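One structure is given here, and the rest of the page talks about it.
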Amino acid sequence: MLEVNNLVKTFGELRAVDGVSFTIEHGQIMGMIGQNGSGKTTVFRMILDFLTPEEGGKVLWEGQELGKRLYDIVGYLPEERGLYEKLSIEQQILYFARLRGMNRNETLEKIDYWMERFAVKGKKSDKVKTLSKGNQQKVQLIATLIHEPQLVILDEPFSGLDPVNSDLLMQGILDLKSKGSCIIFSSHNMNNVEEICDKLVMIHNGKQVLYGGVEEVRESFGRTKIFVDTDNWTESDLNALDGVSKVTKRGEQRFVLELLNANYGEAIFNHITKGQYISTFSQQPPTLEEIFKMKAGEAKDE
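UniProt numbering numbers the first residue of the sequence shown as 1 and each following residue consecutively.
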């Protein structure tokens with residue numbers, strides 16, 4: 001288990017990280033979300049001991065401080081990608097695998113597996129510089145994951161990937177989850193976080209403003225959205241209902257109602273279904289993207 005306790009980091013007058021704490025169990029995926037410059041990468045660098053936490057902050061792995069002696073358990077993909085372009089794919093991955101204590105034969109077997117798993121186009125003998133940007137990113141991901149690390153830290157891993165390759169990466173992450181790895185990644189894409197993460201932490205201006213299970217966080221904001229499929233009601237009729245703040249029409253028959261309060265949902269259901277057929281009525285909490293925008297806006301107004 002990874003325990004992050006009260007991480008603080010200042011650079012001159014700037015308090016870049018201010019009291020970030022969370023835990024990740026084996027077999028869990030946590031998403032770290034926040035705007036550019038919010039402090040996410042600084043948190044990663046403190047976890048990895050690239051930066052020293054201040055004011056007694058600690059990073060523990062299985063109850064012990066996670067220092068350089070434990071780097072063989074870590075797989076880290078930095079936001080600033082970097083490969084040795086004159087090396088072949090095989091030479092590149094072998095180099096990083098040897099740093100993790102893997103032998104040549106073991107590594108060669110796993111290179112074949114991961115190249116197929118991530119659908120890398122090319123041969124192992126191809127120079128990295130001849131690969132497309134997307135395939136170079138896959139090679140770096142393979143170098144990060146080749147030793148099947150117990151702790152995986154990915155800084156914006158989906159950046160620059162098309163939907164097909166994003167799905168391949170998500171499946172690779174889920175494979176590691178099934179083997180018991182602790183995984184944390186940062187992303188600007190809330191759909192990625194919502195789809196595969198067990199937990200999330202949101203950082204804004206260095207402060208932790210949200211933390212918990214993904215569904216737990218969503219539910220804490222209340223079920224303030226209703227999805228209705230009907231041809232018996234118009235947009236203006238739905239807008240006039242008590243407790244409705246906004247109505248958006250999507251397609252021919254679908255409407256999305258935003259409520260002032262989740263408690264209005266039952267009364268609206270009873271009203272619009274009375275004596276009429278409604279094919280769909282679903283009351284849901286806001287999406288992570290909506291929550292992200294809401295919390296970022298609140299912090300901006302403070």
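Where a beta carbon is used, it is the ideal one built from N, C-alpha and C, also for glycine.
Please read all numbers here as calculations on a predicted model, not as lab measurements.
With H, G and I counted as helix, E and B as strand and the rest as coil, what does DSSP make of M190?
helix
Closest by C-alpha distance to K110, when choosing among V228, H147 and S186
H147
For A296, which of helix, strand or coil comes out of DSSP?
helix
Nearest to G57 (by Cα), restricted to the options Y71, N263, M46 and M202:
M46
What span of residues does the alpha helix (DSSP H) with M102 cover, start to end?
Run containing M102: none; DSSP gives neither H nor E here.
Please tell me whether V209 and L200 are closer than 8 Å, where the distance is taken between their beta carbons.
no
Just the C-alpha distance for K9 and F44, rounded to the nearest angstrom, thanks.
12 Å
For C18, three-class secondary structure by DSSP:
According to the sequence displayed, residue 18 carries Asp and not Cys. D18 falls in the strand class under three-state DSSP.
From D229, K249, I226 and K225, pick the residue whose C-alpha is nearest to that of S236; which is it?
K249
For G75 and G206, what's the separation of their Cα atoms in angstroms?
24 Å
Take L154 and list the residues in its own chain whose beta-carbon comes closer than 6 Å to its own, dropping the five residues that flank it on each side.
L77 and F185
With a threshold of 8 Å, are at least 3 pairs of Cβ atoms found where one atom belongs to the segment 137 to 144 and the other to the segment 1 to 21?
no
Along the beta strand (DSSP E) that carries G212, what are the first and last residues, could you check?
K207 to G213
Going by DSSP, name the residue or residues bridged to G75.
V152
If L151 and C182 are in contact, beta carbons under 8 Å, what's the gap, nearest whole angstrom?
5 Å
How long is the line joining the alpha carbons of L260 and L169, rounded to whole angstroms?
38 Å
R45 - containing alpha helix (DSSP H), residue span:
K40 to I47
Measure from the alpha carbon of R254 to the alpha carbon of each residue in G27, T234 and A267, then state which is nearest.
T234
Would you tell me roughly how many angstroms separate the C-alpha atoms of L51 and G37, rounded to the nearest one?
16 Å
For L83, I'd like the list of residues in its chain whose CB is within less than 7 Å of its CB, leaving aside the five on either flank, ordered along the chain.
Q92, V128, Q136, V139 and Q140
Does DSSP put K9 in a helix, in a strand, or in coil?
strand
Suppose you measure from the CA of R98 to the CA of L108; what does that come to, to the nearest Å?
11 Å
Between L257, S166 and F269, which has its C-alpha nearest A278's C-alpha?
It is Ile, not Ala, that sits at residue 278 in the sequence shown. Comparing Cα positions, the closest option is F269.
Does T41 pass the burial test, meaning 16 or more other C-beta atoms within 10 Å, or should it be called exposed?
buried
Supposed close pair K177, I29 - CB separation, criterion 8 Å
6 Å
Own chain, CB closer than 8 Å to E90, minus 5 neighbours either side, in chain order
L108, I111, K124 and S125
Do you know how far the Cα of E258 is from the Cα of K156?
Rather than Lys, the amino acid found at residue 156 in this sequence is Glu. C-alpha separation (whole angstroms): 31 Å.
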